[in-house]
Every structure is written in structure tokens, then in C-alpha cells.
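Here the protein sequences line up with chains W, Y and Z, keeping their order. As numbered in the working numbering, residues 1 to 252 make up the first sequence, in order. As numbered in the working numbering, residues 1001 to 1252 make up the second sequence, in order. As numbered in the working numbering, residues 2001 to 2252 make up the third sequence, in order.
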Amino acid sequence: MKKSENCTGVSTVTLQRPPVNSLNLELLQEFTATLDELGKSKSCGMILTSASPTVFSAGLDILEMYRPKSDRIRLFWSKLQEMWLKLYGSAYPTVAAINGHSPAGGCLLALSCDYRVMVGPKYTIGLNETQLGIIAPRFQDTMLNTIPRRQAEFALTTGRMFSTEEALNVGLIDEVATDKADAITKAESFLNKFAKIPASARHQTKLQFRKEALDNLKNNIDSDLQIFVGFLETPRIQKSLELYLESLKKKI
Amino acid sequence: MKKSENCTGVSTVTLQRPPVNSLNLELLQEFTATLDELGKSKSCGMILTSASPTVFSAGLDILEMYRPKSDRIRLFWSKLQEMWLKLYGSAYPTVAAINGHSPAGGCLLALSCDYRVMVGPKYTIGLNETQLGIIAPRFQDTMLNTIPRRQAEFALTTGRMFSTEEALNVGLIDEVATDKADAITKAESFLNKFAKIPASARHQTKLQFRKEALDNLKNNIDSDLQIFVGFLETPRIQKSLELYLESLKKKI
Amino acid sequence: MKKSENCTGVSTVTLQRPPVNSLNLELLQEFTATLDELGKSKSCGMILTSASPTVFSAGLDILEMYRPKSDRIRLFWSKLQEMWLKLYGSAYPTVAAINGHSPAGGCLLALSCDYRVMVGPKYTIGLNETQLGIIAPRFQDTMLNTIPRRQAEFALTTGRMFSTEEALNVGLIDEVATDKADAITKAESFLNKFAKIPASARHQTKLQFRKEALDNLKNNIDSDLQIFVGFLETPRIQKSLELYLESLKKKI
């Protein structure tokens, strides 16, 4: 992950874990530390993008969840919870410059920012976890807070992946860009809207929309962890992950 | 009501109480028993449709509510509550193939399924109870969970009936069909989306969207019953139902 | 403020505090008294409009909030709370005939009615308080209950002002009118929808959509007052109001 600050104080954070920016424990730790730094440095805003030419993030690393070790899986899920609380409730504005496919946890990262610009037309985005039989407690709230409720129910029960155009029409993304540079430019343009707006009023207003979802996780952070770890231990889920990993190998 | 299962395990349930599938106690009992059967048989999904060529369901039978007998009206409303809890929270996916007009309780049946295909363009659908001065506690939540909040407030306060086209535009229905056969085909196509999705993840995800409305009824099931029965006993409501019944007779 | 009743029992209430209908304590007191009268007289409905040719209402009078006196600011905010509870929960239907610009508290008045007709295309409407660093507790709920949640978050964090066309597209207003007379005609047409609908069922249905926001204020009415008064006393906010007042003087 590399971080650069341009003259306007905007921080660009680039996910850089080849080949597809799968979120493992180490990447979550590094990203959470970066979010902390941005909070302390009173950043003007973060643009989150990817070093991969075709994938924003493939989501949670399946290898963390397949035959997990008890200590590490608990640490992994706790760090995911912590990262999400910091990203979704951040005091600085955030934009996802989505320059590639963005399934599952990749979509969660994008939905947890304040604004989404996506390179089109060929990439797809969505919370498709049900296709693997997985339900991530709480995190579905980000979809419900972004697109109409009926569309969210349909998308999440069917594990729908949206084309860029479909995502724009339903409000899952805010703008389409022609390439990564265009996405960054549009992201900066969004952040510039806040140039004259008092930061405290902006942040308090943002929290009025996100406080309920944030509190729901905070108030259930331990039980959510227990539930997810217990859920992963079921033979059915492990079999599902095994089949999925095998299907990935065949693609190579 | 007849039930058939095709080779894919999908169950088609056909409302068949001439002339307009008014929901009386017996029909609610029979339909609830069918829902129970489908739950036990682990159905791949239910398609709900009507044997009438012009009406999906005219809604609650006014004769159950006009000059009601104390025992029967309590049984009637309890059964409606039970039916709705089972339909709205069903473990198997459900589609309404709406092959005719669908006012009031007919619309409630459709809204309580997971997907709606409606034969167009000449039929109408809506929760128009306010026009009779009636408010059905809780059940309005199904409209709020389907179309945008502002549209739901407008529709429910004015007792709006939507044309098929209007219903599609606002998201009250998901697809328009040319006739009943086309509606069934499109319903099957929706159910096929779940062919490879683990049933448990699909159902848990559905409940994340519906649990609050379901719990609201469960936690108030007795008081809702008391309120509705007391409400029906007011002279004003009985007079309104009487005038409505007289207007129906004049149409014949 | 003048009030007239036409033959159908509809009351037209005209805001008339030159030059821009800023809401000061006296105007809020007079308007609240009018709302009480309408409630007692069982009005068929209220049309709220402005005597100004270019402004519906400029919102809260900044002079009430700049260097406020302790007694008066508390009275001012209490009256605003009382006015809003009466308007948003009114037993009679209400329409805003928005015949001019409608920022901040002017937009709040419009959002608290049941229906909005706006003269286009040159006027603008929005809750732009964050631009002054101000957050009005609770009242943002009216935006959230009117337009999609994602659009509301974007609009309120950026302090967005909508053109008439943008407001129509997002559902912030219901209809566009060519001039004030046309707006009044369209407002009457909306009120006529309720001619045959029992008033009690209409009002109870409206409250099902608004009860939560109303209760949130009722249950926090004193603490909200304390928070807002304390917030106004901070040097940062007073400085922001001072700069704003100076910028207004330069425009003259």
C-alpha cells in the first residue's frame, strides 16, 4: 500500500497486494493503521484505489476462512470490524476510485466510503456473498444505506453483481469514469465540494446517517465475532469454500 | 385452491374462490395450511396466482367485517396475522404472478412475496384501504419495504391504485407480463436465480430485511387484534362498509 | 400573514414578513397560532405560500442566532420545535406552494407539508445549513423521509441546493408550476384527492410514516434545546454567523 499527499491535502491510498488485493489479516492491519494516521493528520480526504489494472479488491481472502486457526481467524474478523468502524464513520471525507472488479469485501470497502466513482463499462460490483453461502453480519447495512431497500433485498438474496451501468442507475455508484486517472480527477472534484464547509458540521451530519449501523456493530461486536467464527466452523461452509478454491485453481 | 409441482420442485398455488378470490376465514385457513406444507416439503419456491381471468384477489372479504360475530372475526384476523407471518418470512422463495386486479388484501399478498410479475397493461394494484376508512395495522410495512418511503406515504394516505406501468416505475412490481402463461414463465425465471445459492444464506439474508416488520407484528399480535376488532365495532366503520356493500350490489 | 378560506374549506396561509420571510420568534408564534386555529376549525387542508415574489422563506432569522440573549433564544428554539411538531403531524392535509427560493428553514417548512408544488425553473431549494457550520437536530429527518437515503446523505453533508428540475427528479418536490397561481391550482388539486377519504384513516396513515421522527423530537425536546443553545454559544459558530451577516450587507 502506498500513500501520497497532493498539494490540496488529499491522501490517495492505493491497495497493493497482488494479484487481486484480497483482504488478509496483514492488509487489514496496514489499512487500519493508515486510516488512523489520516484521522490524526486531519486529512482533507482520502481517495481509495487499487494498484491492479483490473481488480479494485477481490474481497476477504478465502485462505483466511478456509480451515482457519482459532487465534488468527478471531484476530482477522476483529480487525475487519475495527477497519469498517473507522472507515464508515471517518471524520474526513472518503471516495472510492474503483478501477476494476469489486465483489464482496471489495464492494464493502467502496460502500463504506462517502462517494464512489467507477471505471466503466466492463467491471462489476456487488455483495455476492450468498453465492458462497456466507452472510457477513452488519455489513449488509452499507448496501441498504446506499440503494433502495427493495433493490438491496433483491441484490443481496440473489448475490447480484452489477455492471457499471446498472450500478449507476440504482445508485450503488455515483459516477462512471473512463479510466483510473479520470476516476481520481472526479474523486478530487467531489472532495473539493467540502473546501468551504466546516468539517465538524459535515462529519456530524454524516454520522446522523451512519450512527445506527455503526452502533449496531459496536453493541454486538463480540457476539458478531462469535457467530461468524462458529458459522465458519460448520462442515457445510468449509466444503463450500473448498469447492470454490478448487474452481479458482482450475481457472489458472 | 389447487397446487401442482413441476419437475424443478416449484409449487404453483392458485387462488380459486369465485368470483374474485375474496379472503374469508376458510380461504385463509386453506392458504395457511398450504404454506405450512410447502415449508415442510422444502419447496424450491412458490408461484402464487389466481384462477380468475381478471382478478388476482379482491382482498379481505367485506362480509367477514360487516356486522361481525365476535368469535369468528377474532379467528379471521388471527388467521390473517398467522398467514402473513408465514408468507412474508417464508424459508422458500415466493413470487406473485398477478394475473388481474389486486386491490387491498390482494396487494398485500403480492407485496408479501419476494418478487412480483404482473399481467399488463389493464389491471391495477394498490393498498387502497383508506378509501373505506380502514387502516390495517402493520401490513402497511410491506409497502414501505418495497417502494420509496415518500411514494408509500403518498400512495397509502390517498388510497392510490397503480396502473401496471405506474407500479413498474415505482418498483411496486418487478416485471410486466403479456398474459398469465408469460407471468408464470417469468416467475420461474426468478426462482431459477436461486438454483445454486445455498438456501440458508438466502433465507437469512431475506430475514435481515423483513425481521423488523415481522417482529413488530409478533410483539403486538394480541393488541393489534384487539385494536382492529374494536375499530370494526365503531358505527362509523360499519356504516362505511354498509354503503360499500350497497354500491357493489348496484354494480350487478 | 394573511389567511383566506375558499368555498371548499381550504385555507391558504401566506408568509408575509418582508423582505424574505425570515423566521423570527414573532413569525413562528403567529404561524403556530394559525396551525392551532386550523386544527380547531377542522380545516379541509392548508396551502402554505409566500407574499414575496422571489422567496418562499429564507429560513431561520440569523439575527435570532447571532449574539443571542439567553431567554429569547430558548423561546425561539422552543417555538420552532412546537411549530414543527404541529405542522409535520397535522390532522389536516398540507401543501407547500413554493413560489420562490427555499433554503434551510424555508425548505424545512416545505418538507414538513404533505405535498410540494414549486414554481420553476429558476428557484432553488435545499437544507444547506452545513455551509454555515450549523446542524439542526432532528429536522434533517424530514429530508430523509422524503428523498432516497443516499441522496439525503449527499445533499445534507454537502449543503446542496437543488434546482427545481433536480428537486423534481429526486422527489424533493412533487410537481413544478409555471407561476404562483398555477402552484395554488395544483395544490388544490392534491387536496381534492382527499374529498372522499375518511379524515381519520388519512391522518392515522400519515402518522404511521411520521410518528418515529415526531417521537424522536418529543422524547428529546429539552436536551435538543440545550444542545442547540450550547452549540450557538461557541465562538466558532458566532464567528461564522458574523462573517455571513457581513457578506449579506455587502450584497446590498
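Ideal Cβ positions, reconstructed from N, Cα and C, are used throughout, including at glycine.
| query | result |
| --- | --- |
| Under the three-state DSSP convention, the category Leu-172 (chain W) falls into | coil |
| Reduced DSSP category for Arg-2138 (chain Z) - H, G, I as helix; E, B as strand; rest coil | coil |
| Cβ-based burial, Ala-1136 (chain Y) [other Cβ within 10 Å; buried from 16] | buried |
| Met-2143 (chain Z) versus W:Tyr-88, W:Gln-208, W:Leu-127, residue with shortest Cα-Cα distance | W:Gln-208 |
| Neighbour list for Thr-1124 (chain Y) in chain C, Cβ cutoff strictly below 7 Å | Reference to chain C is not applicable here, since the protein chains of this structure are W, Y and Z. |
| Residues from the stretch 141-172 of chain W in contact with chain Y, defined by Cβ distance under 8 Å | Leu-144, Pro-148, Arg-149, Arg-150, Gln-151, Ala-152, Glu-153, Phe-154, Leu-156, Thr-157, Thr-158, Gly-159 |
| Thr-1146 (chain Y) versus W:Asn-145, W:Asp-141, W:Gln-140, W:Glu-153, residue with shortest Cα-Cα distance | W:Glu-153 |
| Beta-carbon neighbours of Ser-1131 (chain Y), restricted to chain Z and to distances below 9 Å | Sequence check: residue 1131 (chain Y) is Gln here, not Ser. The answer, in chain order, is Lys-2196, Ile-2197, Pro-2198, Ala-2201. |
| Which of helix, strand or coil DSSP assigns to Ile-221 (chain W) | helix |
| Cα-Cα separation, Glu-188 (chain W) to Gly-2100 (chain Z) | 33 Å |
| Contact between the stretch 31-47 of chain W and the stretch 89-98 of chain W (3+ Cβ pairs under 8 Å) | yes |
| Contact list for Ser-2240 (chain Z) against chain W, beta-carbon separation under 8 Å | Pro-198 |
| Closest by C-alpha distance to Thr-32 (chain W), when choosing among W:Gln-81, W:Arg-210, W:Leu-191 | W:Gln-81 |
| Buried versus exposed call for Leu-1243 (chain Y) [16 or more other C-beta atoms within 10 Å across all chains shown] | exposed |
| Neighbourhood of Thr-2130 (chain Z) by C-beta, 6 Å cutoff - its chain only, sequence neighbours within 5 removed | Gly-2159 |
| DSSP bridge partner residues for Gln-41 (chain W) (one or two, in chain order) | The question names Gln, but residue 41 (chain W) is Ser in the sequence shown. DSSP, once it has assigned bridges, lists no residue as partnering Ser-41 (chain W). |
| Listed by chain order, chain Y residues near Lys-2206 (chain Z) by CB distance under 9 Å | Glu-1153, Leu-1156, Thr-1157 |
| C-alpha distance - Lys-2193 (chain Z) paired with Leu-1132 (chain Y), whole-angstrom precision | 14 Å |
| Integer-rounded CB distance, given that Val-117 (chain W) should sit under 8 Å from Ala-177 (chain W) | 5 Å |
| Residues bridged to Ala-1177 (chain Y) (per DSSP) | Y:Val-1119 |
| Segment limits, beta strand (DSSP E) that includes Ser-11 (chain W) | 10-15 |
| 8 Å Cβ cutoff, Ile-227 (chain W) in contact with chain Y | no |
| Beta-carbon gap between Phe-162 (chain W) and Ile-125 (chain W) smaller than 8 Å | yes |
| Nearest residue (CA-CA) to Pro-2019 (chain Z), options Z:Thr-2185, Z:Ala-2051, Z:Leu-2241 | Z:Ala-2051 |
| Which residues DSSP lists as bridging Leu-1232 (chain Y), in chain order | DSSP output for Leu-1232 (chain Y) lists no bridge partner at all. |
| Minimum C-alpha distance to Phe-2139 (chain Z) - residue among Z:Leu-2025, Z:Ile-2173, Z:Ala-2110, Z:Ala-2058 | Z:Ala-2110 |
| Val-2020 (chain Z), DSSP secondary structure in three states | coil |
| Coarse secondary structure for Ser-1102 (chain Y), derived from DSSP in three states | strand |
| Cα-Cα separation, Lys-1003 (chain Y) to Asp-1036 (chain Y) | Note on Lys-1003 (chain Y): pLDDT 48, under 50, position unreliable in the model; the coordinate value appears next. Between Lys-1003 (chain Y) and Asp-1036 (chain Y), the C-alpha separation is close to 13 Å. |
| Beta carbon proximity, Phe-2209 (chain Z) to chain Y, threshold 8 Å | yes |
| Beta-carbon proximity check, Trp-2077 (chain Z) vs Ser-2112 (chain Z), cutoff 8 Å | no |
| Residue-level contact to chain Z via CB, Lys-42 (chain W), 8 Å cutoff | no |
| Secondary structure of Leu-2248 (chain Z), DSSP reduced to three states | helix |
| DSSP three-state assignment for Met-1143 (chain Y), whether helix, strand or coil | helix |
| Buried/exposed call for Glu-1005 (chain Y), threshold 16 Cβ in 10 Å | Here Glu-1005 (chain Y) scores only 42 on pLDDT, less than 50, and its place in the model is too uncertain to base an answer on. |
| Interface partners of Lys-193 (chain W) on chain Z, CB under 8 Å | Thr-2158 |
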